[in-house]
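Just below is one structure, and these are the notes that go with it.
Protein chains: 2
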Amino acid sequence: MPMEQIVERVAERTGLPLNTRTVERVLRALLAHHDFWEIVDAADEVVPIVAETIRVLDEQGWLRVEPHGIFLRESARETLEREWGLRPLPDFRCLACEGRGLDPRRLPSEGIETFMTIQAERPRAIIDYDQGYITPESTLARFAFAFMRGDIQGRRILVLGDDDLVSVAVCLMGEPREVVVVEIDRRLVEFLKYWADRMGWPLTVYSLDLSQPLPASFLRAFDTFLTDPPESMAAFRAFVGRGLAALRGPGSAGYFGLTRREASLFKWHQVQRYLIEQGAVLTDVVQNFHAYVNWDYAPKTRAWRLAPVKSLPDKPWYRSSLCRVELLTEAVGEVDTVFDVHTFNDAEASTT
Amino acid sequence: MPMEQIVERVAERTGLPLNTRTVERVLRALLAHHDFWEIVDAADEVVPIVAETIRVLDEQGWLRVEPHGIFLRESARETLEREWGLRPLPDFRCLACEGRGLDPRRLPSEGIETFMTIQAERPRAIIDYDQGYITPESTLARFAFAFMRGDIQGRRILVLGDDDLVSVAVCLMGEPREVVVVEIDRRLVEFLKYWADRMGWPLTVYSLDLSQPLPASFLRAFDTFLTDPPESMAAFRAFVGRGLAALRGPGSAGYFGLTRREASLFKWHQVQRYLIEQGAVLTDVVQNFHAYVNWDYAPKTRAWRLAPVKSLPDKPWYRSSLCRVELLTEAVGEVDTVFDVHTFNDAEASTT
Chain B
736 MPMEQIVERV AERTGLPLNT RTVERVLRAL LAHHDFWEIV DAADEVVPIV AETIRVLDEQ
796 GWLRVEPHGI FLRESARETL EREWGLRPLP DFRCLACEGR GLDPRRLPSE GIETFMTIQA
856 ERPRAIIDYD QGYITPESTL ARFAFAFMRG DIQGRRILVL GDDDLVSVAV CLMGEPREVV
916 VVEIDRRLVE FLKYWADRMG WPLTVYSLDL SQPLPASFLR AFDTFLTDPP ESMAAFRAFV
976 GRGLAALRGP GSAGYFGLTR REASLFKWHQ VQRYLIEQGA VLTDVVQNFH AYVNWDYAPK
1036 TRAWRLAPVK SLPDKPWYRS SLCRVELLTE AVGEVDTVFD VHTFNDAEAS TT
Chain Y
736 MPMEQIVERV AERTGLPLNT RTVERVLRAL LAHHDFWEIV DAADEVVPIV AETIRVLDEQ
796 GWLRVEPHGI FLRESARETL EREWGLRPLP DFRCLACEGR GLDPRRLPSE GIETFMTIQA
856 ERPRAIIDYD QGYITPESTL ARFAFAFMRG DIQGRRILVL GDDDLVSVAV CLMGEPREVV
916 VVEIDRRLVE FLKYWADRMG WPLTVYSLDL SQPLPASFLR AFDTFLTDPP ESMAAFRAFV
976 GRGLAALRGP GSAGYFGLTR REASLFKWHQ VQRYLIEQGA VLTDVVQNFH AYVNWDYAPK
1036 TRAWRLAPVK SLPDKPWYRS SLCRVELLTE AVGEVDTVFD VHTFNDAEAS TT
């Protein structure tokens, strides 16, 4: 029984809205749990939907409902894992704070070590492209977060600008189906290509300026995008808007960083209105999720000119939130729009 | 120089939007830090605004800009602390996960102990009011989160429904100006009144049904609201909408819980559209922030009837996110609307 048919039947019987991602979340929960309440907890879907999905799967002979729990049949498990590529979701929630935070040290230690070795050789941030990368721990945390939400393993992933090297963490530990990076900085393009070749990763890197449209083949082609744009509304549309247009549709997810250092809550409000209108729902907004490595070109920035005291920061001060959206309908996003790069920084900006 | 005048001058000179809350955040940061970059980090406001606010305060003789940092003058500090009631913000970020999570164990241990003693005697959750309270650790975490965001100390706070006893944590540790609880359950009203009297808290408790309008005196009267509504759109409007109408205006903040157990992402999208249209911006959405204590009446619920296996949950499975909004304009909210309580549970609901 194909996914779409399960969705249809559950929708018919419950009268509730859902999409393939809904059913997928229930299936992944069934791969890991047997207790109904634990399944609901892991699926993060409403009880009537979870119950009805289980009933439909039961009717199809995919599982057994027994007095002590719910068990996928071996044949169904194999179909889900081999043919559909579904795995149980990993758990990286922080053990110290009851899971309110996320602890990237729960990632496989070998993966962490390799990532740290590779990132140590990265090109330095330069002002030309308004670069400024997050700490390697922050990149690992962003990757772990998306992995835990089911947006990495088995997915086609688009990274729009990758000075944070999130594609490296994804390829090392995330078992993606495919990763595409578009990046304006030739040094980064070469760096990522070198490692993709050497490690045999399913990673393609394109040299591309996001003020210009994405290739047509990118539209409706990805399950997940990740980006960390400059913070004017124009830049947000150029990066996140193109990301949205590149997503396949309902159930696809996007990640972006947004600061309070260069974006006021007034701009946040505009950003959120844009997302809502695109049919995207905000599932996560975690303040101060990423810390940035202080950049070498600090004394050339507007922030420096504005600073009443001219002393270099001696610890991270520039942080950004992690925001995740999930599409409920196909998004229009930004397809043909060409942006003027001079609009990528507005009057709230200060890092160039 | 009154707050409004600082706002005006900074707005004039920067051409950027801001409100009194913006300046307040800079002032609280100045109470705790001297390094410009640390001030920006703590203020969570854009660099040009922080820099210009410091310049205006400097012109007024409120601070000294020196080669090694920025220092509030003693007289200004006294005005801010005594007359304006501003304190530096406390920090409860989890030390294990680089502050991505929040650890309520960083609250004063005496306050935690007293809270645990008081909550142990609470009335049990009953099905009549769709009750189900979060673990005491979750209540402490919600309180600590709001405290850290500057929404507790010195504030007028409205709690719409308080079976979670957040007002107890607020009164014990948060130094609020005033707390008002509206609650339908007489047992809880009596319980809270008893402790307010005994401890001399600035807490008033009203017996009130939120399907009905709030007293007119509540409109535009509070800085902060906290609520954990049933999860139909009607209930959301009755609880959060009334909360919004009770907020003073720009810079006021609201907190609510929202689950994935009884609210699909489709409903989340409706909720977010409503908030955006009310002039509220979502500053935080933290999934699985609260865990619920399993309720005694579980076998009487729709969730139980839907469960394919009839076994009681033996650990927490019902969780909710913590969402925070901040107003950028006055919200209309829900003032005169009377709701039918039968609309407080919809087809996605299952806990009654």
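Top to bottom, those sequences are chains B and Y. Following this note's numbering, the numbering of the first sequence begins with 736 at its first residue and continues without gaps. Following this note's numbering, the numbering of the second sequence begins with 736 at its first residue and continues without gaps. Even for Gly, the Cβ is constructed at its ideal location relative to N, Cα and C.
Report buried or exposed for Y/Gln1007, applying the criterion of at least 16 other Cβ atoms within 10 angstroms of its Cβ.
-> The count along the second sequence starts at 1 and reaches residue 1007 of chain Y at position 272. Under this definition Y/Gln1007 is a buried residue.
What is the residue span of the beta strand (DSSP E) that Y/Val800 lies within?
-> As a first step, residue 800 of chain Y is located in the second sequence; it is residue number 65 there, counting from the start. Taken as a continuous stretch (DSSP letters only), the beta strand (DSSP E) holding Y/Val800 covers 798 to 801.
For B/Phe974, does the three-state DSSP call read helix, strand or coil?
-> The residue you call residue 974 of chain B lines up with position 239 of the first sequence. Helix.
Can you name, in chain order, every residue of its own chain whose Cβ lies under 8 Å from the Cβ of Y/Leu798, other than the five neighbours on each side?
-> Indexing the second sequence from 1 puts residue 798 of chain Y at position 63. Result list for Y/Leu798: Leu765, Ile789, Leu792, Ile805, Phe806, Leu807, Arg808, Ala811, in chain order.
Do you know offhand how far Y/Asp1019's Cα is from B/Gly846's?
-> To locate residue 1019 of chain Y, count along the second sequence from 1; it is residue 284. To locate residue 846 of chain B, count along the first sequence from 1; it is residue 111. Cα-Cα distance, rounded: 30 Å.
Under a CB-based cut-off of 7 Å, is B/Arg748 close to chain Y?
-> Sequence index remark: in the first sequence, residue 748 of chain B carries index 13 (1-based). So, not an interface residue.
Reference B/Arg760; option with closest CA among B/Gly984, B/Glu1083, B/Val781, B/Gly896 = On the first sequence, residue 760 of chain B is found 25 positions in, with the first residue counted as 1. B/Arg760 has its Cα closest to that of B/Val781, out of B/Gly984, B/Glu1083, B/Val781, B/Gly896.
Could you list the residues in the segment 1016 to 1030 of chain B with a C-beta less than 8 Å from some C-beta on chain Y, going in chain order?
-> Val1016, Leu1017, Thr1018, Asp1019, Val1020, Val1021, Gln1022, Asn1023, Phe1024, Ala1026
Can a CB atom of chain B be found closer than 7 Å to the CB of Y/Leu954?
-> On the second sequence, residue 954 of chain Y is found 219 positions in, with the first residue counted as 1. With 7 Å as the cut-off, Y/Leu954 does not count as an interface residue toward chain B.
Presumed contact (8 Å Cβ cut-off) between Y/Leu830 and Y/Ala879, rounded CB distance | To locate residue 830 of chain Y, count along the second sequence from 1; it is residue 95. To locate residue 879 of chain Y, count along the second sequence from 1; it is residue 144. Not quite, the Cβ-Cβ distance comes to about 13 Å (not below 8 Å), so this is no contact.
Of all the options Y/Gln866, Y/Gly889, Y/Leu875, which has the alpha carbon lying nearest to the alpha carbon of Y/Gln854?
-> For the purposes of this step, residue 854 of chain Y is taken as the residue at position 119 of the second sequence. When only C-alpha atoms are compared, the closest one is Y/Leu875.
So the alpha helix (DSSP H) B/Ile1011 belongs to, where does it begin and stop?
-> Stepping through the first sequence from its first residue, residue 1011 of chain B is reached at position 276. It spans 1000 to 1012 - the alpha helix (DSSP H) in which B/Ile1011 sits, taken as one unbroken run.
With DSSP as the reference, label B/Ser873 as helix, strand or coil.
-> As a first step, residue 873 of chain B is located in the first sequence; it is residue number 138 there, counting from the start. In this structure, B/Ser873 counts as helix in the three-state DSSP scheme.
Smallest Cα separation from B/Thr1064: which of B/Met736, B/Tyr929, B/Pro752, B/Met738?
-> Residue numbering aside, residue 1064 of chain B sits at position 329 when the first sequence is read from its first letter. When only C-alpha atoms are compared, the closest one is B/Pro752.
Name the DSSP beta bridge partners of Y/His1025, please?
-> Locating residue 1025 of chain Y in the second sequence gives position 290, where the first residue counts as 1. BP columns for Y/His1025 point to Y/Ser1055.
For the putative contact between B/Arg884 and Y/Phe1024, defined by C-beta atoms under 8 Å, what is the C-beta separation to the nearest angstrom?
-> By one-based count along the first sequence, residue 884 of chain B stands at place 149. By one-based count along the second sequence, residue 1024 of chain Y stands at place 289. Contact flag wrong, Cβ pair sits at about 16 Å.
Over the uninterrupted alpha helix (DSSP H) stretch that includes B/Arg891, give me the two end residues.
-> On the first sequence, position 156 is the one that residue 891 of chain B refers to. Note, B/Arg891: premise wrong, no alpha helix (DSSP H); beta strand (DSSP E) at 891 to 895.
Can you tell which of Y/Met908, Y/Thr962, Y/Ile1011 has the C-alpha that lies nearest to the C-alpha of Y/Leu1062?
-> Indexing the second sequence from 1 puts residue 1062 of chain Y at position 327. Out of Y/Met908, Y/Thr962, Y/Ile1011, Y/Ile1011 has the C-alpha closest to the C-alpha of Y/Leu1062.
Which residues mark the beginning and the end of the beta strand (DSSP E) in which Y/Phe991 is found?
-> Within the second sequence, residue 991 of chain Y is the residue found at index 256, counting from 1. Looking at the DSSP string, the run of the beta strand (DSSP E) that includes Y/Phe991 is 988 to 993.
Give the DSSP-derived three-state secondary structure of Y/Ile862 in the structure shown.
-> Start at 1 with the first residue of the second sequence, and residue 862 of chain Y comes out as number 127. Three-state DSSP puts Y/Ile862 in a helix.
Evaluate the contact criterion for the segment 1065 to 1080 of chain Y versus the segment 944 to 957 of chain Y: three or more CB pairs, one atom per stretch, below 8 Å.
-> yes
Could you tell me whether any Cβ in chain Y is nearer than 7 Å to the Cβ of B/Gln795?
-> By 1-based counting over the first sequence, the position of residue 795 of chain B is 60. With 7 Å as the cut-off, B/Gln795 does not count as an interface residue toward chain Y.
Determine the closest residue to B/Val917 out of B/Leu993, B/Val1044, B/Phe974, with distance taken between C-alpha atoms.
-> What you label residue 917 of chain B is simply residue 182 of the first sequence in a count that begins at 1. Selected option, being the one with the closest Cα: B/Phe974.
Assigned secondary structure, B/Leu1047 (DSSP; H/G/I helix, E/B strand, else coil) | By 1-based counting over the first sequence, the position of residue 1047 of chain B is 312. Coil.
Any idea what DSSP makes of Y/Ile805, helix, strand or coil?
-> Within the second sequence, residue 805 of chain Y is the residue found at index 70, counting from 1. In the structure shown, Y/Ile805 sits in a strand (DSSP, three-state: E or B).
Taking the alpha-carbon positions, what's the B/Met736 to B/Leu821 distance?
-> Numbered from 1 along the first sequence, position 1 holds the residue referred to as residue 736 of chain B. Numbered from 1 along the first sequence, position 86 holds the residue referred to as residue 821 of chain B. Between B/Met736 and B/Leu821, the C-alpha separation is close to 15 Å.
Would you mind telling me which residues of chain B sit closer than 9 Å to Y/His1077, beta carbon to beta carbon, in chain order?
-> The residue you call residue 1077 of chain Y lines up with position 342 of the second sequence. Ordered by position in chain B, no residue passes the 9 Å Cβ test against Y/His1077, which lies about 17 Å from the chain.
One or two residues paired with Y/Val782 in a DSSP bridge = As a first step, residue 782 of chain Y must be located in the second sequence, where it is residue number 47. Answer by DSSP bridge pairing: none, since Y/Val782 is not bridged.
Among Y/Val785, Y/Leu982, Y/Tyr1009, the one whose alpha carbon lies nearest that of Y/Asp886 | Within the second sequence, residue 886 of chain Y is the residue found at index 151, counting from 1. Closest by alpha carbon: Y/Leu982.
Report yes or no: is there a C-beta of chain B within less than 7 Å of the C-beta of Y/Gln1007?
-> The residue given as residue 1007 of chain Y occupies position 272 in the second sequence. Answer yes: the Cβ-Cβ gap between Y/Gln1007 and chain B drops below 7 Å somewhere.
Please name the residue in B/Pro1048, B/Glu913, B/Pro823 whose C-alpha comes closest to that of B/Trp936.
-> Here residue 936 of chain B refers to the residue found at position 201 of the first sequence. Of B/Pro1048, B/Glu913, B/Pro823, the residue nearest in Cα terms is B/Glu913.
Would you report the Cα separation of Y/Ser999 and Y/Phe1079, rounded to the nearest angstrom?
-> Counted from its first residue, the second sequence places residue 999 of chain Y at position 264. Counted from its first residue, the second sequence places residue 1079 of chain Y at position 344. About 15 Å.
Checking contacts by CB at 7 Å: is Y/Ala969 closer than that to chain B?
-> The residue labelled residue 969 of chain Y in the question sits at position 234 within the second sequence. So no, Y/Ala969 is outside the interface.
Of the residues B/Cys1058, B/Lys1035, B/Ser942, B/Tyr1053, which one's Cα is nearest the Cα of B/Phe971?
-> Reading the first sequence from its first residue, position 236 is the one you call residue 971 of chain B. Comparing Cα positions, the closest option is B/Cys1058.
Starting from B/Glu918, follow the beta strand (DSSP E) in both directions and report where the run begins and ends.
-> Residue numbering aside, residue 918 of chain B sits at position 183 when the first sequence is read from its first letter. It spans 913 to 918 - the beta strand (DSSP E) in which B/Glu918 sits, taken as one unbroken run.
Nearest residue (CA-CA) to B/Pro1051, options B/Ala1082, B/Asn1029, B/Gly896, B/Tyr864 = Position 316 of the first sequence holds residue 1051 of chain B. It is B/Asn1029.
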